[in-house]
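K.L.:
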Amino acid sequence: DYPPFPSDVPTHPLLVVDYELIKRGDEAEKARLWEAATKLGFWYLKNHGADEEVEQMFQMGAETMALPLEEKMKYEQGDDGVSFGYKAAGANAVDESGLKDTVEFINVSKDDALAYPTAVHRTYPSTVNARMAGTIEPFVSKSLAVNNTILEVFNEKLGLPAGELSRRHTLEDASCSEARCIKNPPAQEMSPERAALGAHTDFGSLSFLHNKLGGLQVYPPGADGWYYIRPIPGHAICNVGDALALFSGGILRSNLHRVVTPPKAQAAYTRWSLVFFTRPGNDVPL
1 DYPPFPSDVP THPLLVVDYE LIKRGDEAEK ARLWEAATKL GFWYLKNHGA
51 DEEVEQMFQM GAETMALPLE EKMKYEQGDD GVSFGYKAAG ANAVDESGLK
101 DTVEFINVSK DDALAYPTAV HRTYPSTVNA RMAGTIEPFV SKSLAVNNTI
151 LEVFNEKLGL PAGELSRRHT LEDASCSEAR CIKNPPAQEM SPERAALGAH
201 TDFGSLSFLH NKLGGLQVYP PGADGWYYIR PIPGHAICNV GDALALFSGG
251 ILRSNLHRVV TPPKAQAAYT RWSLVFFTRP GNDVPL
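Per UniProt numbering, the sequence shown runs over residues 1 to 286.
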């Protein structure tokens with residue numbers, strides 16, 4: 001159990017969207033989702049139905065990060081622009097000064113998870129393979145269903161021909177869509193000015209994030225600084241990426257965000273997070 005998120009740090013409120021209502025076609029809920037996606041590009045999603053898979057994915061992440069570094073590095077993501085595989089802490093810079101990041105993570109390709117035991121893009125550590133069928137594929141499938149349902153709402157609100165966004169994100173097309181489980185060490189192991197993950201926008205279409213500790217911050221449009229997003233149990237945090245901003249002509253907002261040390265008492269704990277990134281098919285022009 002973690003200490004609660006402190007009540008006296010600046011947070012930015014997010015609209016709460018009920019996925020069950022979205023699935024039922026509730027017009028008020030679709031309007032709420034649209035408002036969130038066009039104004040800030042971030043929202044909470046409740047009743048998404050993936051809590052059990054999320055917990056199992058965190059277990060997979062813990063099992064994988066516990067492997068010896070030498071073993072994990074056999075599955076390193078490499079420098080050729082393909083992100084599937086393992087990333088060690090300190091592999092990326094977080095700012096112009098060259099400060100190194102503190103996060104390590106494992107990325108599992110959507111295509112590899114759905115085709116297992118066939119390796120479409122690459123192979124993975126034994127801890128990943130052991131959970132591919134029972135944990136990773138179910139999480140990937142639920143995440144895809146959630147994000148595809150959201151894409152359909154955006155398609156309608158943008159007035160695009162039916163299926164226009166969906167056909168840019170089909171199950172069959174090879175893509176960079178992936179599940180990522182991230183471990184960030186407690187703050188005493190990192191200097192306070194070190195961002196775990198520097199300021200960025202997501203390059204894909206939609207992100208479906210699960211975390212228990214604070215650390216995620218957004219820079220809202222017109223704001224004068226960074227604000228924490230408070231984690232709420234059972235609520236995913238969703239956001240729009242650059243590809244969807246492009247497809248929508250800038251109507252959907254891909255907003256700047258970063259990951260820093262969790263606030264106050266939470267800083268003493270290892271921060272685990274889990275994301276599914278929906279990205280367009282590799283042959284889809286941006």
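Glycine included, every Cβ here is placed at the ideal spot set by N, Cα and C.
Model, not experiment: these values are computed from the prediction.
#1: Are there 16 or more other CB atoms within 10 angstroms of the CB of I232, so buried, or fewer, so exposed?
#2: Helix or strand or just coil, what does DSSP make of A268?
#3: On the DSSP letters alone, give me the boundaries of the alpha helix (DSSP H) that Q59 sits inside.
#4: If you count every other CB in all the chains shown that lies within 10 Å of the CB of R24, and 16 or more means buried, which is it?
#5: Does P4 pass the burial test, meaning 16 or more other C-beta atoms within 10 Å, or should it be called exposed?
#6: In this structure, how does DSSP classify T11 when only helix, strand and coil are distinguished?
#7: Counting only C-beta atoms, is V259 closer than 8 Å to chain C at any point?
#8: How is the alpha helix (DSSP H) around S126 delimited, first residue to last?
#9: What is the residue span of the alpha helix (DSSP H) that W43 lies within?
#10: Flag W226 as yes when its Cβ comes closer than 7 Å to any non-hydrogen atom of the ligand SAM, and as no otherwise.
#11: Counting pairs of Cβ atoms below 8 Å between the stretch 7–17 and the stretch 100–115, do you hit three or more?
#12: To the nearest angstrom, how far is it from the Cα of M132 to the Cα of L252?
#13: Here's the rule I'm using: 16 or more other beta-carbon atoms within 10 Å means buried, otherwise exposed. How should G204 be labelled?
#14: Assign G134 to one of three DSSP states: helix, strand, or coil.
#15: Excluding the five sequence neighbours on either side, which residues of its own chain have a C-beta within less than 6 Å of the C-beta of W34, listed in chain order?
#16: Please say whether F247 and L114 have beta carbons closer to each other than 8 Å?
#17: Touch check for the stretch 208–215 and the stretch 165–174: three-plus C-beta pairs under 8 Å?
#18: For K30, collect the residues of the same chain with a Cβ closer than 6 Å to its Cβ; drop the 5 residues on either side in sequence, then sort them by chain order.
P.N.:
For this structure:
#1: So I232 counts as exposed.
#2: The answer is helix: DSSP assigns A268 an H, G or I state.
#3: D51 to M65
#4: It counts as exposed.
#5: exposed
#6: DSSP places T11 in strand when its eight states are reduced to three.
#7: Checking the listed chains, one finds no chain C in this structure; it contains a single protein chain.
#8: Annotation for S126: the continuous alpha helix (DSSP H) segment containing it runs S126 to R131.
#9: W43 -> not in any alpha helix (DSSP H); beta strand (DSSP E) instead, spanning F42 to K46.
#10: The ligand SAM is not part of this structure, which contains no ligands at all.
#11: no
#12: 33 Å
#13: buried
#14: helix
#15: K157
#16: No, these two residues do not count as a Cβ contact at 8 Å.
#17: Too few Cβ pairs lie closer than 8 Å, so no.
#18: Sequence-distant partners of K30 (beyond 5 residues in either direction) whose C-beta falls short of 6 Å from its own C-beta, in its chain, are V153.
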